[in-house]
Amino acid sequence: MKLVRYGQAGKEKPGLIDAQGRLRDLSGVIPDITPAQLSDKALAKLAKLKTDSLPLVRGTKRMGAPVNGISKFVAIGLNYADHAAESNLPIPKEPIIFFKANSCIQGPDDDVMLPKGSKKSDWEVELGVVIGTRARYVSQKDALNYVAGYCTVNDVSEREYQIERGGTWDKGKGCDTFGPVGPWLVTRDEVPNPQNLSMWLDLNGQRMQTGSTKTMIFGVAKIVSYVSQFMTLEPGDIITTGTPPGVGMGIKKDGQSAPVYLKRGDVMTLGIEGLGEQRQKVVAFKA
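Using my numbering, the first residue of the sequence shown is number 1, and each one after it goes up by one.
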């Protein structure tokens, strides 16, 4: 299934995308798509619905983040060897864990707002993993059974805040609007191999990132198992799993560093195979 939340920000309704790509309303079945709807039992119940009997939603609707009530937004850094290289950083021996603030989560096509005074905001297309069952000290062999599904994430990052201002990476990762998620939560039965998904990102129509989850240093099963050794993963938690090369910080020209960062008016479009596409316009800071 492709589960969605659509409508005005803060007033989204639950829905799903049918086999013909049409939006169907689920609000007569469930009040919202929350952690309670992500267990195997709850998802199996939704899968049994006769999709054609659900109300058809006509017209173009805003999509919100596909899950409401997320307790943690966990992120994995430098999880592609070629991205580590363009960042001039060593390949990690263990997954690097940091957090994105829940307050940065937004819909996949909502505007991305540059933080006040930002000069080095950047893009990162990433595979998002949504937890469906509480995971604590789970084995790598069993880890995927704890996953409800997958989604597209843009891990927008302010590099000066992240790298140059000391402390942890978190301060450059959780700015308002820096966590576009969606458009869909695609349940794991429709993603039999999360390690073979193509991914891409364009800036103003120019291809910047082209990659595949098959080149991850640490795969999804390893990541879920590893993170669960350090914290309990609750249903609805999102783990965003790292980005392939092509970020603005890593751009070189004639062998020399020539980074490109986001500016007002830029448009990012991005997507992951089978998980849908996003589009964000970059806007200036507003209080």
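Glycine residues also receive a C-beta, built at the ideal position from the N, C-alpha and C atoms.
Neighbour-count burial assignment, residue i, 16 or more Cβ in a 10 Å radius
i, result
"Thr177", "buried"
"Gly94", "First, the residue type needs correcting, since residue 94 is Glu and not Gly in the sequence shown. Glu94 should be labelled exposed."
"Ser139", "exposed"
"Thr241", "buried"
"Ala258", "exposed"
"Ser121", "buried"
"Arg207", "exposed"
"Glu164", "exposed"
"Pro235", "buried"
Residue from the options with nearest C-alpha to residue i
i, options, result
"Ile301", "Pro31, Arg58 and Ser39", "As displayed, the chain neither begins before 1 nor continues past 287, which places residue 301 out of reach and without an answer."
"Ile91", "Asn79, Asp170, Ile97 and Glu234", "Asn79"
"Trp200", "Asp52, Leu275 and Val220", "Leu275"
"Leu203", "Gly182, Thr243 and Leu270", "Leu270"
"Asp111", "Pro180, Gln229, Ser121 and Tyr226", "Pro180"
"Glu273", "Asn196, Tyr137 and Lys173", "Asn196"
"Ala85", "Lys286, Arg279, Gln280 and Lys252", "Lys252"
"Glu190", "Lys286, Cys175, Gly219 and Gly149", "Gly149"
"Arg188", "Thr34, Tyr146, Gln162 and Gln209", "Tyr146"
"Ala75", "Cys104, Thr34, Thr51 and Leu23", "Cys104"
"Ala143", "Leu49, Gly211, Leu233 and Gln162", "Leu233"
"Gly21", "Leu56, Gly167 and Asp266", "Leu56"
"Lys141", "Lys222, Asp266, Ile239 and Gly250", "Lys222"
"Lys61", "Thr34, Gly107, Leu54 and Ala36", "Gly107"
"Pro14", "Ser39, Ala42 and Met63", "Met63"
"Leu38", "Gly211, Ser53, Gln8 and Val4", "Val4"
"Asp52", "Ala19, Arg165 and Ser198", "Ala19"
"Asp266", "Asp254, Val67, Ala42 and Gly205", "Gly205"
"Ala65", "Gly219, Cys151, Lys45 and Val220", "Cys151"
"Arg279", "Lys286, Asp109 and Ala9", "Asp109"
Own chain, CB closer than 7 Å to residue i, minus 5 neighbours either side, in chain order
i, result
"Lys119", "Glu160 and Tyr261"
"Lys2", "Leu16, Ile17, Trp184 and Val186"
"Asn102", "Ile70 and Phe73"
"Ala284", "Leu114 and Arg264"
"Ser228", "Ala135, Arg136, Tyr137 and Val138"
"Gly77", "Ile96, Phe98, Trp169 and Gly242"
"Ala47", "Met1"
"Leu54", "Arg24, Asp25 and Leu26"
Inter-residue CB distance, residue i and residue j (contact presumed, cutoff 8 Å)
i, j, result
"Pro245", "His83", "5 Å"
"Ile131", "Asp237", "4 Å"
"Lys173", "Lys100", "5 Å"
"Met249", "Ser87", "7 Å"
8 Å CB neighbourhood of residue i in its chain, flanking five on each side removed
i, result
"Ala81", "Ile91, Thr215 and Ile217"
Proximity test, residue i beta-carbon vs the ligand FAD heavy atom, cut-off 7 Å
i, result
"Thr269", "Questions concerning the ligand FAD fall outside what the structure shown contains, since it holds no ligand whatsoever."
Do the stretch 11-30 and the stretch 212-224 make contact, defined as three or more Cβ pairs closer than 8 Å? no
Taking one C-beta from the stretch 123-130 and one from the stretch 148-162 each time, how about it: are there three or more such pairs within less than 8 Å? yes
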